[in-house]
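For reference, the structure is listed below as structure tokens.
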Amino acid sequence: MIEQTYPVVWDLDRFFEGGSNSPSLRSHLDKVKEKLGSFETRLKDFDSPTSIADVSNIEKMVNELKDIATNLSEGGAVIGCFLAQDTTDKQAALLQGEVGSLYAKFSSQMLTIQQVLSKTKETVWEELLQTTELSPFAFVLNEWRDEAKRMLSEKEEDMITTLGVDGYHSWGQLYDLLVGDIRIKLTIDGVQKEMSVGQANNLSSHEDATIRKESFEALEAAWTDKEEFFAKTLNHIAGFRLAIYEKRGWDSVLEEPLHINRMKEETLNAMWGAISKNKAPFVEYLNKKSAMLGEKQMHWYDLDAPVSTSTEKMDYQQGAEFILKHFKEFGPKLESFSRNAFEKGWIEAEDRPNKRPGGFCTGMPVSEESRIFMTYSGSMSNVSTLAHELGHAFHSYALRPVHWMNRQYAMGVAETASTFAEMIVADAAVKEAKTDDEKIALLEDKIQRSVAFFMNIHARFLFETRFYEERKNGIVSAARLNELMELAQQEAYGDALDTTHPHFWASKLHFYITEVPFYNFPYTFGYLFSLSIYAKAISEGANFEEKYIALLQDTAVMSVEDLAMKHLNEDITQEAFWIKGIDLCIQDVSEFIQLTNAKG
Numbered sequence: 001m002i003e004q005t006y007p008v009v010w011d012l013d014r015f016f017e018g019g020s021n022s023p024s025l026r027s028h029l030d031k032v033k034e035k036l037g038s039f040e041t042r043l044k045d046f047d048s049p050t051s052i053a054d055v056s057n058i059e060k061m062v063n064e065l066k067d068i069a070t071n072l073s074e075g076g077a078v079i080g081c082f083l084a085q086d087t088t089d090k091q092a093a094l095l096q097g098e099v100g101s102l103y104a105k106f107s108s109q110m111l112t113i114q115q116v117l118s119k120t121k122e123t124v125w126e127e128l129l130q131t132t133e134l135s136p137f138a139f140v141l142n143e144w145r146d147e148a149k150r151m152l153s154e155k156e157e158d159m160i161t162t163l164g165v166d167g168y169h170s171w172g173q174l175y176d177l178l179v180g181d182i183r184i185k186l187t188i189d190g191v192q193k194e195m196s197v198g199q200a201n202n203l204s205s206h207e208d209a210t211i212r213k214e215s216f217e218a219l220e221a222a223w224t225d226k227e228e229f230f231a232k233t234l235n236h237i238a239g240f241r242l243a244i245y246e247k248r249g250w251d252s253v254l255e256e257p258l259h260i261n262r263m264k265e266e267t268l269n270a271m272w273g274a275i276s277k278n279k280a281p282f283v284e285y286l287n288k289k290s291a292m293l294g295e296k297q298m299h300w301y302d303l304d305a306p307v308s309t310s311t312e313k314m315d316y317q318q319g320a321e322f323i324l325k326h327f328k329e330f331g332p333k334l335e336s337f338s339r340n341a342f343e344k345g346w347i348e349a350e351d352r353p354n355k356r357p358g359g360f361c362t363g364m365p366v367s368e369e370s371r372i373f374m375t376y377s378g379s380m381s382n383v384s385t386l387a388h389e390l391g392h393a394f395h396s397y398a399l400r401p402v403h404w405m406n407r408q409y410a411m412g413v414a415e416t417a418s419t420f421a422e423m424i425v426a427d428a429a430v431k432e433a434k435t436d437d438e439k440i441a442l443l444e445d446k447i448q449r450s451v452a453f454f455m456n457i458h459a460r461f462l463f464e465t466r467f468y469e470e471r472k473n474g475i476v477s478a479a480r481l482n483e484l485m486e487l488a489q490q491e492a493y494g495d496a497l498d499t500t501h502p503h504f505w506a507s508k509l510h511f512y513i514t515e516v517p518f519y520n521f522p523y524t525f526g527y528l529f530s531l532s533i534y535a536k537a538i539s540e541g542a543n544f545e546e547k548y549i550a551l552l553q554d555t556a557v558m559s560v561e562d563l564a565m566k567h568l569n570e571d572i573t574q575e576a577f578w579i580k581g582i583d584l585c586i587q588d589v590s591e592f593i594q595l596t597n598a599k600g
């Protein structure tokens with residue numbers, strides 16, 4: 001029996017008491033605005049360094065940047081939490097727009113600094129980076145200079161950033177409003193219910209096939225009803241990006257996401273190449289699963305269907321204790337950190353209306369805490385999601401001793417820590433299975449993640465690259481977006497699907513996130529990269545935790561290729577690296593097929 005009662009609603013008053021109308025939040029944003037104004041004035045006198053004597057000016061600038069960035073992030077993160085917990089919070093929506101303007105101003109200031117530093121003579125620059133004050137930031141400062149050289153003039157980039165507030169980023173915010181306004185009406189157990197998109201999405205794993213199908217069709221009808229709105233939104237986000245790329249002289253739509261993720265294109269190609277050559281076992285799994293469900297071929301709405309009724313649901317308290325038990329087996333720091341997160345109310349897990357769909361972890365860099373958002377309904381998948389988000393939070397915790405300048409890791413390595421934590425829990429669940437039926441269900445939960453990363457994410461990547469190429473020639477219609485998505489899904493799933501999800505492009509928030517382009521392939525990278533780390537953890541036992549933390553602390557100060565070579569001694573530009581991880585996932589499929597065949 002679980003005695004400990006962990007809160008299911010997060011504590012945001014810890015930061016700013018009173019919600020989106022908090023006087024302390026108002027005061028905090030006003031102070032950030034004031035600091036930005038003062039910093040902008042001082043930047044007018046910030047000139048390119050001419051000698052090593054200028055090191056103190058750069059060091060002072062770095063410290064001021066840290067102060068502004070952490071306070072701005074703190075306010076923005078909390079406001080994001082307010083909107084996620086209640087999509088009808090109009091005051092939070094207004095504050096989000098205000099924070100967007102502050103971020104734009106800060107981005108302009110960052111650009112100014114980068115442009116000024118890029119004009120420094122190479123000999124002077126090398127001397128500066130060898131000083132005690134700046135040598136710890138050499139990787140990031142060099143990155144800043146390189147980035148400035150890829151950009152337009154300071155005035156032009158400043159204009160782009162400014163116009164983006166009421167153009168580019170506002171389209172992304174419009175998407176949130178459109179989704180928040182959707183209500184799905186369904187009859188479950190004879191009772192008609194009105195649900196948010198997030199609640200209806202949770203029905204994709206319902207044991208009743210009729211409910212799965214009806215919820216999918218109701219959601220698809222909702223996306224169809226508003227498809228022109230979503231198509232217009234997506235087209236304008238893409239159009240804004242492409243216009244900027246053209247002005248900067250960037251031919252490839254992948255140049256920005258690869259640069260952001262500190263990744264070579266040959267690494268990305270090696271990853272997708274290895275996956276594309278090894279999809280047959282996962283197609284076999286999908287065919288087997290559809291047969292187990294009494295269907296000839298897999299329907300989209302059955303992808304998350306449970307194949308066994310033997311796995312009992314875990315309430316939130318049980319799920320938390322399960323996670324903590326197995327985190328402790330990996331290392332004491334991960335377990336202690338996560339227990340604190342549960343006890344102190346860092347997690348928003350309650351299943352209620354008006355919450356945003358999906359899950360996320362956000363950091364509060366001033367308070368040095370994180371907050372985790374999800375809707376917990378008791379499935380093993382929910383437990384895995386919770387572990388996943390705790391992994392994100394632990395990454396931030398591991399970086400606490402690291403200076404702000406060296407904490408800005410890219411999305412691909414961000415997904416490494418989260419997926420690593422998720423695997424600890426998923427593997428433990430399989431090993432603790434009491435019956436073959438339960439083991440089948442838990443293996444299937446693991447395989448579903450492989451299918452998601454190797455097939456679903458691949459479909460998103462294929463769709464997005466092709467959509468952007470077509471968008472270069474003009475607006476892409478909603479009908480064509482549906483067609484592109486269906487083609488991408490059939491290719492990515494190896495023609496294993498009977499029913500596809502044509503409006504997936506409208507339903508997935510990730511296509512509309514303006515802060516990060518191509519919010520897809522880093523997930524697959526993180527999944528396979530973390531498999532290699534997990535393999536080392538298993539072989540080295542509890543002693544690996546300190547090495548793991550050291551790897552996390554390096555995630556923002558080198559390319560992913562150098563990170564893999566330093567900590568794993570692996571060349572990730574070669575398909576051989578990725579195949580080793582894929583083979584581990586294929587083993588799950590083989591065990592699943594063997595167990596299900598034995599049952600007849």
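Take 1 as the starting number for the sequence shown in the UniProt record's numbering and just add one per residue. We treat Cβ as the ideally placed atom computed from N, Cα and C, and that holds for glycine.
Of Lys185, Ala243, Ala320, Tyr512, the smallest CA-CA separation from leucine 163 is found for Ala243. For glycine 190, the three-state secondary structure derived from DSSP is coil. Here the alpha carbon of aspartate 495 sits roughly 26 Å from the alpha carbon of phenylalanine 577. Within the segment 455 to 504, the alpha helix (DSSP H) runs of at least 4 residues that lie entirely inside it are, in chain order, 457 to 471, 478 to 492. In the displayed model, arginine 248 falls within a helix according to three-state DSSP. Annotation for threonine 87: no beta strand (DSSP E) segment contains it, and DSSP assigns it neither H nor E. Assigned with DSSP and collapsed to three states, threonine 573 falls in coil, not helix or strand. Pairing phenylalanine 82 with glycine 172 gives a Cβ-Cβ distance that is not under 8 Å. The Cβ-Cβ distance between methionine 298 and leucine 497 falls below 8 Å. For the pair methionine 565 and glutamine 553, the Cα-to-Cα distance works out to about 15 Å. When C-beta atoms of the segment 135 to 152 are compared with those of the segment 208 to 217, fewer than three pairs fall below 8 Å, so the two segments do not count as touching. The beta carbon of histidine 392 sits closer than 6 Å to the beta carbons of Cys361, Ser418 from its chain, once the five residues preceding and following it are set aside; these are given in chain order.
According to DSSP, glycine 363 shares a beta bridge with Ser370. Sixteen is the threshold: when 16 or more other Cβ atoms of the shown chains lie within 10 Å of the Cβ of arginine 212, as they do, the residue is buried. By the CB criterion at 8 Å, glutamate 438 and serine 308 fall inside the cutoff.
Taken in chain order, the complete alpha helix (DSSP H) segments of 4 or more residues contained in the segment 1 to 82 are 23 to 43.
Residue nearest to leucine 12 within the set Leu36, Gln85, Asp67 is Gln85 (criterion: CA-CA distance). Per DSSP, asparagine 269 is one residue of the alpha helix (DSSP H) stretching across 265 to 276. Here the segment 421 to 434 lies against the segment 326 to 341, with 3 or more beta-carbon pairs under 8 Å apart.
The residue among His510, Phe592, Ser530 with its C-alpha nearest the C-alpha of isoleucine 237 is His510.
Put simply, the backbone Cα of aspartate 146 is about 32 Å away from that of phenylalanine 453.
In this structure, DSSP gives lysine 325 a helical state, which the three-state scheme calls helix. Non-local beta-carbon contacts of phenylalanine 504 in its own chain, meaning distances under 6 Å to residues more than five positions away in sequence, involve Met485 in chain order.
Threonine 50 has its alpha-carbon roughly 50 Å from the corresponding atom of tryptophan 10. Glutamate 343 is classed as exposed because its beta carbon has fewer than 16 other beta carbons within 10 Å across all chains shown.
An exposed status is given to histidine 403, since fewer than 16 other beta-carbon atoms sit within 10 Å of its beta-carbon. Counting along the chain, the unbroken alpha helix (DSSP H) around lysine 439 starts and ends at 436 to 451.
Judged by beta-carbon spacing, tyrosine 301 lies beyond the 8 Å limit of threonine 435, meaning their Cβ atoms are not closer than that value.
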